[in-house]
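Novice: Heads up: the protein sequence lines correspond to chains A and U, in order.
The numbering used here puts the first residue of the first sequence at 1, with every later residue one more than the last.
The numbering used here puts the first residue of the second sequence at 1001, with every later residue one more than the last.
Glycine is no exception: its CB is placed at the ideal position from the N, C-alpha and C atoms.
Source: prediction; values computed, not measured.
2 protein chains.
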Amino acid sequence: MVLPERERGVCCPPTLKARPQKIEQTSEILKALADPTRLQIALCLRDAKEPVCICDFTATFDISQPTVSHHMAKLREAGLVNVTKQGIWSFYRLSPDLSAAARRILDAIG
Amino acid sequence: MVLPERERGVCCPPTLKARPQKIEQTSEILKALADPTRLQIALCLRDAKEPVCICDFTATFDISQPTVSHHMAKLREAGLVNVTKQGIWSFYRLSPDLSAAARRILDAIG
DNA sequence: CGAATCCATTGACGTTCGTCAATGGGTCTG
DNA sequence: CAGACCCATTGACGAACGTCAATGGATTCG
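(1) If we ignore side chains and look at the alpha-carbon of each, how far apart do glutamine 21 (chain A) and valine 1068 (chain U) end up?
(2) At the level of alpha carbons, what is the spacing between alanine 59 (chain A) and leucine 1003 (chain U)?
(3) Please state the DSSP three-state secondary structure of lysine 1022 (chain U).
(4) What residue range does the beta strand (DSSP E) around threonine 37 (chain A) cover?
(5) Consult DSSP for threonine 84 (chain A) and reduce its assignment to one of helix, strand or coil.
(6) Determine the DSSP secondary structure at leucine 94 (chain A), reduced to helix, strand or coil.
(7) Measure the alpha-carbon distance for leucine 1098 (chain U) versus glutamate 7 (chain A) and round it to whole angstroms.
(8) Are the CB atoms of arginine 1104 (chain U) and alanine 111 (chain A) within a distance shorter than 7 Å?
(9) Within 10 Å of its beta-carbon, does histidine 70 (chain A) have 16 or more other beta-carbons around it, so buried, or fewer, so exposed?
(10) What first and last residue would you give for the alpha helix (DSSP H) that runs through serine 1069 (chain U)?
(11) Could you give the distance in angstroms between the alpha-carbon of leucine 1094 (chain U) and the alpha-carbon of lysine 49 (chain A)?
(12) Nearest to leucine 106 (chain A) by CA position, among A:Ile54, A:Lys31, A:Lys85 and A:Val83, is which residue?
(13) Any C-beta of chain A within less than 7 Å: which residues of the region 1019-1042 of chain U qualify?
(14) Can you tell me the Cα-Cα spacing of proline 66 (chain A) and proline 1013 (chain U), whole angstroms?
(15) Taking all protein chains shown into account, decide if proline 96 (chain A) is buried (16 or more other Cβ within 10 angstroms of its Cβ) or exposed.
(16) So is isoleucine 1063 (chain U) buried or exposed if we call it buried at 16+ other beta carbons inside 10 Å?
(17) Since proline 1013 (chain U) meets chain A, which of its residues come closer than 7 Å, beta carbon to beta carbon?
(18) With a threshold of 16 other CB atoms inside 10 Å of the CB of methionine 1001 (chain U), please say whether the residue is buried or exposed.
(19) Within its chain, find whatever has a CB closer than 7 Å to the CB of threonine 1026 (chain U); leave out the 5 residues flanking it on each side and keep chain order.
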């Protein structure tokens, strides 16, 4: 490996190619997916053929119902997920207008 | 959109396809990338042809030198990044044995 | 050797996060 | 209507996070 030649006291700030706004958006997506429980939920919804009911997640994970609800809210705020209420049930699915960035990241996982 | 038929009091826990251990690992990678500063650093290293010196990052971002150092430590602990010291300088690059998962996620960004 | 440069570590502080218990609203069934 | 079920919100708490100031080690130049 070849290391660059350097001169003391002279730095070479790299040019940042991505716009700050885009960095911020991508960061939000990554934050939403960075929790193990939310990651599993997101992958589950990615691979599901039908929308999934909250009560199924509550039965799956070893956390309380309010915590599941809290995680879904995070995924909603990040624009990753979409909810449809029917009767007493809330069905979640991947957002139909998922950003291309989010789609690429989700597809890159597992 | 067609919603599943449901019966009160009967949940349908989805089968989780990913191993818990893999979920945890992926989560660590996402956590490491979820901070805007670290994300920019990681993308910078991904696209750099040569290893990049810490002092260049310190000159680039509007944060203190210890904070830059702290972020690099996070990226190191996540196995994303690799350091080589030469003289007074520390050069960072993407880890040469980056996991396939990490590589896919990095390539999916921006 | 003495000063300057680069960098990691430590300690501290405020903020955010993940979690739960408690509560309340909405919907269906008997 | 009364009870059961599903779910979101609120408030609280400990843990983790992002940041900085201060410090110290290591290296190089004069």
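Specialist: Checking against the coordinates, here is how it stands:
(1) 20 Å
(2) 19 Å
(3) helix
(4) Premise fails: threonine 37 (chain A) lies in the alpha helix (DSSP H), 36-47, not in any beta strand (DSSP E).
(5) strand
(6) strand
(7) 30 Å
(8) With chain A represented from 1 up to 110, any question about residue 111 (chain A) goes unanswered, as that position is not in the structure.
(9) exposed
(10) 1065-1077
(11) 37 Å
(12) A:Lys31
(13) Lys1022, Ile1023, Glu1024, Thr1026, Ser1027, Leu1030, Lys1031, Leu1033, Ala1034, Asp1035, Pro1036, Leu1039 and Gln1040
(14) 17 Å
(15) exposed
(16) exposed
(17) Here the neighbours are Asp56, Ala59 and Thr60.
(18) exposed
(19) Ala1101
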